[in-house]
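Peer 1: Here it is: the structure, laid out below.
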Amino acid sequence: MTSQPGTTFSPRLSEQVQRLRPSSTIAVTSRALEMQRMGIDVLSMAAGEPDFDTPAHVVAAAKAAIDAGKTRYTQVQGIPELREAIAAKLERENGLSYSPDAVTVGNGGKQSLFNAFFALLDPGDEVLIPAPYWVSYPEMVSFAGGVPVAVPTLPQDGYRLDVEALRAAITPRTRLIVLNSPGNPTGAVFPEETVRAVAELAQERGLFIVSDEMYEHIIYDREHASVARFAPDHTLIINGASKAYAMTGWRIGYAVGPLPLIRAMNAIQGQSTSNASSVSQWAATAAIADSREFIEMARGRFQQRRDRIVAGLNALGLSTPTPDGAFYVLADTTRIHADELEATRIILDEAKVAVVPGTDFLAPGRVRLSYATSLEQIERVLERLREL
Ligand code: GLU
Numbered sequence: 015m016t017s018q019p020g021t022t023f024s025p026r027l028s029e030q031v032q033r034l035r036p037s038s039t040i041a042v043t044s045r046a047l048e049m050q051r052m053g054i055d056v057l058s059m060a061a062g063e064p065d066f067d068t069p070a071h072v073v074a075a076a077k078a079a080i081d082a083g084k085t086r087y088t089q090v091q092g093i094p095e096l097r098e099a100i101a102a103k104l105e106r107e108n109g110l111s112y113s114p115d116a117v118t119v120g121n122g123g124k125q126s127l128f129n130a131f132f133a134l135l136d137p138g139d140e141v142l143i144p145a146p147y148w149v150s151y152p153e154m155v156s157f158a159g160g161v162p163v164a165v166p167t168l169p170q171d172g173y174r175l176d177v178e179a180l181r182a183a184i185t186p187r188t189r190l191i192v193l194n195s196p197g198n199p200t201g202a203v204f205p206e207e208t209v210r211a212v213a214e215l216a217q218e219r220g221l222f223i224v225s226d227e228m229y230e231h232i233i234y235d236r237e238h239a240s241v242a243r244f245a246p247d248h249t250l251i252i253n254g255a256s257k258a259y260a261m262t263g264w265r266i267g268y269a270v271g272p273l274p275l276i277r278a279m280n281a282i283q284g285q286s287t288s289n290a291s292s293v294s295q296w297a298a299t300a301a302i303a304d305s306r307e308f309i310e311m312a313r314g315r316f317q318q319r320r321d322r323i324v325a326g327l328n329a330l331g332l333s334t335p336t337p338d339g340a341f342y343v344l345a346d347t348t349r350i351h352a353d354e355l356e357a358t359r360i361i362l363d364e365a366k367v368a369v370v371p372g373t374d375f376l377a378p379g380r381v382r383l384s385y386a387t388s389l390e391q392i393e394r395v396l397e398r399l400r401e402l
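Okay, structure coming up:
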């Protein structure tokens, strides 16, 4: 006789995990995959992942690593070759000088962020997060015992960050500021003067900045400015291979910053997952060493898609600001339904298009569409929304 475990007894779950809200980006993406598996013709604009294949030279490096038997544990913080490639990239592309010891490699940017929040926060510590924000920041902060504090930015301002609003949100409990530029889900790119002002604010008030730069290469007609240029002692950079090199499934993220923090993060990772996949690390080493052609190709394609989807959504009366970076748009869906959760349901059930509701991003009345998909799919999505 088979029985389902958990029907007669189930363990008490921790209070902390009971407060944890599952990721809505992951939930919608999984739902769309499930519907597709059932044979339903769903067009997914949910997943925040490039539709391109991982570049061939990266795949070749991974195969070579397997053939050479590079399949064992590595250093917790990552193989020296990868950390050297990251340090060289920071010098070459960002004008930043870090030793490879100041780099720690994790299983995706998510693990690096998780390690950082656990290394930095005590119960009750407040973390300022410009909103709309990526759904996982406030959850990770709360899980680590901190208190997320949203600092709103507005669609009519192109989600520009007002540094005075950030300053006004500081209390004696504030410890961290999270910056994410180019941003998920807004696509906003903070100009250099904003980034510099946040750096000065952090220095003045003794705060630390977690700067998520995962979308730095997906940027249109603008320059990426890392806050680490202005306040290196006050900044942890988070980045990774997923978005720039179309490597979401390989799970390689990294963090770069002050050595005591990096050592603490290594200790946390050493007691949880140890190293990121050895094969993925060799692949990422090749990706980070040289992928200029791929990055240029991807950026050009993303820009075409952005222009098409922004024009198409606005033409349908679903007001959508033009983002300067990343591959997301936030469309106003109040014409479909005042409540974005209901609008998301209608769009999925009736138009068979999967989008992420703005709720967990703190973007009420809006839904997020990822346009990291073909132009042809974008046309089909616009057509279905027009019919709806
Ligand atoms: N960061 C991507 C997104 O927002 C991937 C999914 C996730 O990790 O949340 O869709």
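Letter by letter, the sequence shown follows residues 15 to 402 in this note's numbering. Idealized CB from N, CA, C, for every residue including glycine. Note that the structure is a prediction, hence the values are computed from the model and not measured.
1) Would you kindly check if the distance between the Cβ of Ile309 and the Cβ of Ala239 is under 8 angstroms?
2) Starting from Glu227, follow its DSSP beta bridges and name the residues at the other end.
3) Does the segment 237 to 252 touch the segment 143 to 163, meaning 3 or more C-beta pairs lie closer than 8 angstroms?
4) Report whether the distance from the Cβ of Ser388 to the nearest heavy atom of the ligand GLU is below 7 angstroms.
5) State the CB to CB distance for the pair Gly339 and Pro196, rounded to an integer number of angstroms; the pair is presumed to be in contact (CB under 8 angstroms).
6) If we require 3 or more residues per run, which beta strand (DSSP E) segments fall completely within the segment 77 to 163?
7) Whole-angstrom Cβ separation of His248 and Ile276, contact assumed at under 8 angstroms?
8) Return yes when the C-beta of Val149 is under 7 angstroms from any heavy atom of the ligand GLU, and no when it is not.
9) Take the Cβ of Tyr268 as the centre, count every other Cβ of all protein chains shown within 10 Å, and call the residue buried at 16 or more, exposed below.
10) Under 8 angstroms by Cβ, that's how I've got Ala300 and Ala75 pegged, so tell me the actual separation to the nearest angstrom.
11) Cβ atoms of Pro371 and Thr358: under 8 angstroms apart, would you say?
12) On the criterion of 16 or more Cβ atoms from any shown chain inside 10 Å, does Met52 qualify as buried, or is it exposed?
13) Taking only heavy atoms of the ligand GLU into account, decide whether any of them is closer than 7 angstroms to the Cβ of Ile361.
14) In chain order, which beta strand (DSSP E) runs of at least 3 residues are fully inside the segment 200 to 251?
15) Under three-state DSSP, which class holds Thr373?
16) Considering only heavy atoms of the ligand GLU, does any lie closer than 7 angstroms to the CB of Ser37?
17) Rounded to the nearest angstrom, what separates Asn108 and Ser225 at their Cα positions?
18) Tell me which residues share the same chain as Ser288 and place their Cβ nearer than 7 angstroms to its Cβ, disregarding the 5 neighbours each side in the sequence.
19) Comparing the CB of Ile392 with every heavy atom of the ligand ADP, is any distance shorter than 7 angstroms?
20) How long is the line joining the alpha carbons of Val367 and Ala82, rounded to whole angstroms?
21) I need the DSSP call for Asn280, collapsed to helix, strand or coil.
22) Could you tell me the distance, in whole angstroms, from the CA atom of Pro19 to the CA atom of Val31?
23) Mind checking which residues open and close the beta strand (DSSP E) that includes Thr43?
24) Have a look at the DSSP bridge pairing and note the partners of Ala368.
25) Who pairs with Leu344 in a beta bridge, going by DSSP?
26) Assuming Val161 and Asp139 form a contact by the criterion Cβ under 8 angstroms, report the distance between their Cβ atoms to the nearest whole angstrom.
27) CB-CB under 6 angstroms to Asp65, same chain, minus the five flanking residues each way: which ones, in chain order?
28) Between Leu355 and Ala116, which are expected to be in contact by the criterion C-beta below 8 angstroms, what is the C-beta distance as a whole number of angstroms?
29) Count the other C-beta atoms from every protein chain shown that fall within 10 angstroms of the C-beta of Ala297, then say buried if there are 16 or more, exposed otherwise.
30) Excluding the 5 residues preceding and the 5 following Ala202 in the sequence, name in chain order all residues of the same chain whose CB lies nearer than 8 angstroms to its CB.
31) For Gly326, which residues of its own chain have a beta-carbon under 6 angstroms away from its beta-carbon, when the five flanking residues on both sides are left out?
32) Given Asn129, which residues of its chain have a CB within under 6 angstroms of its CB, disregarding the five upstream and five downstream residues?
33) How is Asn289 classed by DSSP in three states: helix, strand or coil?
34) When the cut-off is 8 angstroms and only beta carbons count, does Val369 lie next to chain B?
35) Under the three-state reduction of DSSP, which class applies to Pro274: helix, strand or coil?
36) Please report the distance separating the alpha-carbon of Met49 from that of Ala41.
Peer 2: Based on what the coordinates show:
1) By 1-based counting over the sequence shown, the position of residue 239 is 225. By 1-based counting over the sequence shown, the position of residue 309 is 295. Not closer than 8 angstroms, so no.
2) For the purposes of this step, residue 227 is identified with residue 213 of the sequence shown, where counting begins at 1. Partner(s): none; Glu227 has no beta bridge.
3) no
4) As a working mapping, residue 388 is identified with position 374 in the sequence shown. Result no, Cβ not under 7 angstroms from the ligand GLU.
5) Start at 1 with the first residue of the sequence shown, and residue 339 comes out as number 325. Start at 1 with the first residue of the sequence shown, and residue 196 comes out as number 182. Yes, they are in contact, since the Cβ atoms of Gly339 and Pro196 sit about 3 angstroms apart, within 8 angstroms.
6) 117 to 120, 140 to 145
7) As a first step, residue 248 is located in the sequence shown; it is residue number 234 there, counting from the start. As a first step, residue 276 is located in the sequence shown; it is residue number 262 there, counting from the start. His248 to Ile276, Cβ: 14 angstroms. No contact.
8) What you label residue 149 is simply residue 135 of the sequence shown in a count that begins at 1. Answer for Val149: yes, Cβ within range of the ligand GLU.
9) Walking along the sequence shown from the start, residue 268 turns up at place 254. So Tyr268 counts as buried.
10) By one-based count along the sequence shown, residue 300 stands at place 286. By one-based count along the sequence shown, residue 75 stands at place 61. That belief holds up - the Cβ atoms of Ala300 and Ala75 are roughly 4 angstroms apart, short of 8 angstroms.
11) The residue given as residue 358 occupies position 344 in the sequence shown. The residue given as residue 371 occupies position 357 in the sequence shown. Yes, they are a contact pair.
12) Counting from one through the sequence shown, the residue named residue 52 turns up at place 38. By the 10 Å Cβ count, Met52 comes out exposed.
13) Here residue 361 corresponds to residue number 347 of the sequence shown, with the count starting at 1. Not so, every heavy atom of the ligand GLU lies at least 7 angstroms from the Cβ.
14) 222 to 226
15) Sequence index remark: in the sequence shown, residue 373 carries index 359 (1-based). The answer is helix: DSSP assigns Thr373 an H, G or I state.
16) The residue given as residue 37 occupies position 23 in the sequence shown. Yes; taking the cut-off as 7 angstroms, the Cβ of Ser37 has a heavy atom of the ligand GLU nearer than that.
17) Your numbering for residue 108 matches position 94 in the sequence shown. Your numbering for residue 225 matches position 211 in the sequence shown. Cα to Cα, the separation comes out at about 14 angstroms.
18) Along the sequence shown, read from residue 1 onward, the residue named residue 288 stands at position 274. Only Tyr87, Val90 meet the Cβ criterion.
19) The ligand ADP is absent from the structure shown, which contains only the ligand GLU.
20) In the sequence shown, the residue the question calls residue 367 occupies position 353. In the sequence shown, the residue the question calls residue 82 occupies position 68. Going by the C-alpha atoms only, they are around 44 angstroms apart.
21) Counted from its first residue, the sequence shown places residue 280 at position 266. Asn280 falls in the helix class under three-state DSSP.
22) The residue given as residue 19 occupies position 5 in the sequence shown. The residue given as residue 31 occupies position 17 in the sequence shown. Between Pro19 and Val31, the C-alpha separation is close to 20 angstroms.
23) Along the sequence shown, one-based indexing puts residue 43 at 29. Taken as a continuous stretch (DSSP letters only), Thr43 belongs to no beta strand (DSSP E), being part of the alpha helix (DSSP H) at 38 to 51.
24) Counting from 1 along the sequence shown, the entry for residue 368 is found at position 354. Bridge partners of Ala368: Ser58.
25) Reading the sequence shown from its first residue, position 330 is the one you call residue 344. Partner(s): Arg382.
26) Within the sequence shown, residue 161 is the residue found at index 147, counting from 1. Within the sequence shown, residue 139 is the residue found at index 125, counting from 1. Contact flag correct, Cβ pair sits at about 7 angstroms.
27) Counting from one through the sequence shown, the residue named residue 65 turns up at place 51. Correct list, in chain order: Ala386, Thr387.
28) Numbered from 1 along the sequence shown, position 341 holds the residue referred to as residue 355. Numbered from 1 along the sequence shown, position 102 holds the residue referred to as residue 116. That pair is no contact at about 42 angstroms.
29) Residue 297 sits at position 283 when you count from the first residue of the sequence shown. Label assigned to Ala297: buried.
30) Residue mapping note: residue 202 aligns to position 188 of the sequence shown, counting from 1. Excluding residues within five positions, the ones whose Cβ falls inside 8 angstroms are Thr167, Gly172, Tyr173, Arg174, Leu175, Ser195, Pro196, Pro337, Asp338, Gly339.
31) Counting from 1 along the sequence shown, the entry for residue 326 is found at position 312. Closer than 6 angstroms at Cβ, skipping near neighbours: Leu396.
32) In the sequence shown, residue 129 corresponds to position 115, counting from 1. These residues qualify, in order along the chain: Met279, Ile282, Gln283.
33) One-based indexing of the sequence shown puts residue 289 at position 275. Three-state result, Asn289: coil.
34) Of the protein chains in the structure, only one exists, and it is not chain B.
35) In the sequence shown, residue 274 corresponds to position 260, counting from 1. Helix, per DSSP.
36) Indexing the sequence shown from 1 puts residue 49 at position 35. Indexing the sequence shown from 1 puts residue 41 at position 27. Each residue's Cα considered, the two are about 12 angstroms apart.
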